[in-house]
Amino acid sequence: MNHIDAEELLAEVERLQDEKGCDTCIMALTHDEWKEQVDRLTTENAKLQEKQTAKVPVNIPRVWPDGREYVLTVCPVCGESVSTDEKFCSECGQKLLWEE
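Here you go:
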C-alpha cells in the first residue's frame with residue numbers, strides 16, 4: 012500500500028466539508044467519497060514517488076544541416092531537452108540519474 016500524506020487528506024476532507032456545509036462532522040463524506048479521495052491521493056502519491064526514482068536521460072544522435080554530428084539529451088519521461096547540470100527535468104520534474 013502506498014503512503015498517503017495525512018495532512019493532504021485532512022485538507023481535502025476540510026475542503027469537502029466546507030463544500031457540503033458541514034463544520035463539525037467527518038460523516039459529511041460518504042463511504043464512496045472517502046474511497047474516491049483515498050484512491051486519488053494514492054494515485055497521486057505513486058506518481059510523485061515514481062518521479063523521485065532517478066532515471067537515466069536519453070541520448071539521441073543528431074546531425075546539423077552542415078553534416079556535423081551532436082547528441083541531444085532528453086528527459087526519459089517527457090522528452091524535454093536536459094543538460095548535465097540539471098538534477099530534475101524542468102518540464103515534468105522527473106529526477107535525473109547521470110551516469111558517470
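Reading the sequence shown from the start, the letters are residues 12 to 111 in the numbering used here.
We put the CB at the ideal spot given by N, CA and C, even for glycine.
Selected residue, minimal CA-CA separation from residue i, among the options
i, options, result
"His42", "Val24, Ala57, Lys106, Thr84", "Val24"
"Gly104", "Thr95, Cys86, Asp96, Ser94", "Cys86"
"Lys31", "Glu19, Glu44, Leu20", "Glu44"
"Glu102", "Glu110, Ser92, Asp96", "Ser92"
"Val49", "Leu21, Val74, Cys100", "Leu21"
Sub-8 Å separation of residue i and residue j beta-carbons
i, j, result
"Lys106", "Lys62", "yes"
"Val82", "Pro72", "yes"
"Leu108", "Lys66", "yes"
"Glu18", "Leu52", "no"
DSSP bridge partner residues for residue i (one or two, in chain order)
i, result
"Pro76", "In DSSP, Pro76 forms no bridge with anything."
"Asn70", "Thr84"
"Ser92", "Val85"
"Leu107", "Lys66"
CA-to-CA distance, residue j to residue i, given in whole angstroms
i, j, result
"Gln28", "Glu55", "21 Å"
"Met12", "Thr84", "For Met12, the predicted model reports a pLDDT of 41, less than 50, meaning its position is unreliable and no value from the coordinates is stated."
"Thr64", "Val88", "12 Å"
"Val74", "Glu47", "49 Å"
"Thr95", "Arg79", "21 Å"
"Asn70", "Cys100", "14 Å"
"Gly90", "Arg26", "36 Å"
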